[in-house]
């Protein structure tokens, strides 16, 4: 009887959380896959661009909304879970780099026909911007720990601005390369180049979405969970480290 009463009480207090944001993210990823199919299978570039215009805002809004929702419930982001997530993401990047190394070392002529000369100065500037953003978020964490909310807000915003600048430069570089006829289907190197830089760019977008999720609380001067900041900062440092491999292997090797 006591067991039944306890069992019934547990059911009475069971709580199920529902959220629309995973649904939004899932559809964003679906539209992303559809956009690639439209461009590479059906050669419908205009439709692909329109679909991408739906996919990216949905993914960004979904990540930001889900993170903000979790923060509002006091759940934050799990530091340990983020570590496992980063490990899984690192394996994806490693697989791309291994494919690049294998392709480059097993062909007679490299770079392949149709290649263009990649810019050498821009990736260095982008590296400086991304490293700076990694330093600013680290300093923002430090100021938050000290209780300096005004200083924390300034360096937090600066991190977002630097991340947006990096993303803008990536889009600028892509647009110029595509305008010059260097697309993902030009040759083996172009496929790897756009795949790796695009994968990294998507991680920058996710990082910015996480920061944007915390922005309303930062601007209001509300209490920010230090665990959230440490976890978001860890992810951003991972994005920074991966970029060093992208620059050294794709642009300069």
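Residue numbers (the numbering used here): -5 to 247. Idealized CB from N, CA, C, for every residue including glycine.
| task | Sort 85, 243, 178, 59 by Cα distance to residue 108 and report the nearest one. | result | 178
| Short check: CB of residue 94 to CB of residue 186, under 7 Å? | yes
| query | For residue 87, which option in 192, 130, 134 has the closest C-alpha, if you only look at C-alpha atoms? | reply | 192
| request: Give the straight-line distance between the Cα atoms of residue 20 and residue 180, rounded to the nearest whole angstrom. | output: 30 Å
| In this structure, does DSSP put residue 37 in helix, strand or coil? | coil
| said: For the alpha helix (DSSP H) containing residue 234, name the first residue and the last one. | reply: 220 to 240
| query | Is DSSP giving residue 96 helix, strand or coil here? | reply | helix
| Is DSSP giving residue 246 helix, strand or coil here? | coil
| message | Determine whether the beta carbon atoms of residue 156 and residue 146 lie at a separation below 7 Å. | response | no
| field | CA-to-CA distance, residue 245 to residue 112, given in whole angstroms | value | 7 Å
| message | Under 8 Å: do the stretch 161 to 176 and the stretch 210 to 230 share three or more Cβ pairs, one atom per stretch? | response | no
| If we ignore side chains and look at the alpha-carbon of each, how far apart do residue 133 and residue 205 end up? | 15 Å
| field | residue 8 versus residue 63: straight-line alpha-carbon distance, rounded | value | Because residue 8 carries a pLDDT of 45, less than 50, the predicted location of this residue cannot be relied on, and the following value inherits that uncertainty. If I take the Cα positions, the gap works out to 20 Å.
| query | Given that a residue counts as buried once 16 or more other Cβ atoms are within 10 Å of its Cβ, and exposed if not, what is residue 96? | reply | exposed
| said: Is the beta carbon of residue 234 closer than 7 Å to that of residue 128? | reply: yes
| By Cβ distance, which residues of its chain are closer than 7 Å to residue 166, with the 5 residues on each side in sequence left out? | none
| task | Tell me where the alpha helix (DSSP H) around residue 298 begins and ends. | result | There is no way to answer for residue 298, as the model of the chain reaches only from -5 to 247.
| message | Helix, strand or coil, according to DSSP, for residue 13 in the structure here? | response | coil
| Neighbourhood of residue 238 by C-beta, 8 Å cutoff - its chain only, sequence neighbours within 5 removed | 121
| residue 15 versus residue 99: straight-line alpha-carbon distance, rounded | 43 Å
| query | residue 215: which of 101, 197, 142, 43 sits nearest, CA to CA? | reply | 142
| message | Taking the alpha-carbon of residue 184 as reference, which of 110, 81, 84 has the nearest alpha-carbon? | response | 110
| said: Within a Cβ cutoff of 8 Å, which residues of the same chain sit near residue 91, ignoring the five residues on either side of it in sequence? | reply: 190, 239, 243
| Taking DSSP as the reference, what is the three-state secondary structure of residue 204? | helix
| field | Beta-carbon contacts of residue 116 that lie in its chain and below 7 Å, excluding the five residues immediately before and after | value | 163, 167
| query | Is the Cβ-Cβ distance between residue 230 and residue 131 less than 7 Å? | reply | yes
| task | Answer with buried or exposed for residue 52, where buried requires no fewer than 16 other C-beta atoms within 10 angstroms of its C-beta. | result | buried
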